[in-house]
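S.K.:
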Amino acid sequence: MKKLCFLLILSLLFPLCACTGAKQPEDKPAIAHSDPTDPPLLRDMPGHIPTVVLDAGHGFADVGCAGPDTLLGAWEYQLTIDMVRTLKACFERRGVRVLLTHDGEHFPSTQELSDLCDQYGVEYDAQKDQWEDNEIFSPYERVLYMNCLDAQYGVNYALSVHVNSNADSDRLNGFDLDYCKENPWSEESAVFAYALKEALEAAYPGRSLWFYEDSWEDAFVVTKYNSMPAALLETGYYTNPEDLALLRDKNWRDALMERVCDTICEVLS
Ligand SMILES: [Zn+2]
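First residue of the sequence shown? That's 1087 in the working numbering, and the numbers climb one at a time after it.
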């Protein structure tokens, strides 16, 4: 019952898929490596293997939108992990190292995560209310984990994959692509984001693509606290009939992920 109440509160607070915590009232923090006198980034070192972090949106006690009783027939987290597996295989075929925020089965405990942050010098705010043992692997915890992976391996790009919904209209459809235009990696994030925008618009002519260059205040947690360029991709609105048919189609999802992978690889090369 406690978990159900918690999920109910979550769903009331964040009725759309955009439950990755876009609005955060705190000030913009200092981010490691933002000073030009800092040591070179791992990802800029000679011989570095191109590396991406993939984040399957939601999972664990945070199921995301939709559900088995909806027309989608699955929770959002089940589709995001499926899409991330396709992405991972594609990147690995291209020689890109893939790190995951989670595999759908495990995620680091808050103690493990804070130990990792301490070990690798990743800054974190232990007072944040999203930092707690809540069994959801919160967006803030995910981005800290991304930054720990960056400190270990040097991450060129981070992408969080989602399925969208809209409670007010079944007409809203298409992709949503967000990056933060107000963190130290915004210029690099923009290169990836514009490449994805152009590739998706070319591959899916006529399909909407809602492109968001978010301020710090509006940005998703998993696109702004990052120590690497990042974006969040909403693959479609399950509440829209046309998008629903696409999202239910594994071949369509796989082809989309291949297109996303190809585009990111082109920017990385
Ligand atoms: Zn989502």
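A virtual CB, placed ideally from N, CA and C, is assigned to each residue, including glycine. From a predicted model like this one, the values you see are computed outputs, not experimental measurements.
Okay, do the region 1305-1314 and the region 1254-1271 touch, 3+ Cβ pairs below 8 Å being the bar?
M.R.: yes
S.K.: With distances taken Cα to Cα, identify the nearest neighbour of alanine 1279 among Asn1259, Gln1197, Ser1246, Glu1303.
M.R.: Ser1246
S.K.: Output the residue ranges of the alpha helix (DSSP H) runs that lie fully inside the region 1271-1301 and measure 4 residues or longer, sorted by chain position.
M.R.: 1272-1289
S.K.: Inspect the CB distances between the region 1325-1334 and the region 1246-1265 and report whether three or more fall short of 8 Å.
M.R.: yes
S.K.: Looking only at DSSP bridge pairs, what is arginine 1183 linked to?
M.R.: Thr1137
S.K.: Looking only at its own chain, which residues have a Cβ that is under 7 Å from the Cβ of alanine 1285, when we skip the five neighbours before and after it?
M.R.: Arg1345, Thr1349
S.K.: Mapping DSSP to helix, strand and coil, what is tyrosine 1323?
M.R.: When DSSP states are grouped into helix, strand and coil, tyrosine 1323 belongs to the strand group.
S.K.: When DSSP labels each residue in this structure, what does aspartate 1264 get in the three-state scheme?
M.R.: strand
S.K.: Between the alpha carbons of tyrosine 1210 and proline 1194, how many angstroms are there, rounded?
M.R.: Near 15 Å, if we compare the C-alpha coordinates of proline 1194 and tyrosine 1210.
S.K.: Would the region 1150-1168 and the region 1232-1250 be scored as touching if the rule is three or more Cβ pairs under 8 Å?
M.R.: yes
S.K.: Please determine if the region 1194-1207 and the region 1145-1159 are in contact, where contact requires at least 3 C-beta pairs separated by less than 8 Å.
M.R.: no
S.K.: Between arginine 1228 and the rest of its own chain, which residues show a CB-CB distance below 7 Å, the 5 nearest in sequence each way excluded?
M.R.: Answer for arginine 1228: Asp1141, Thr1187, Val1308, listed in chain order.
S.K.: Tell me the DSSP bridge mates of tryptophan 1161?
M.R.: Ala1152
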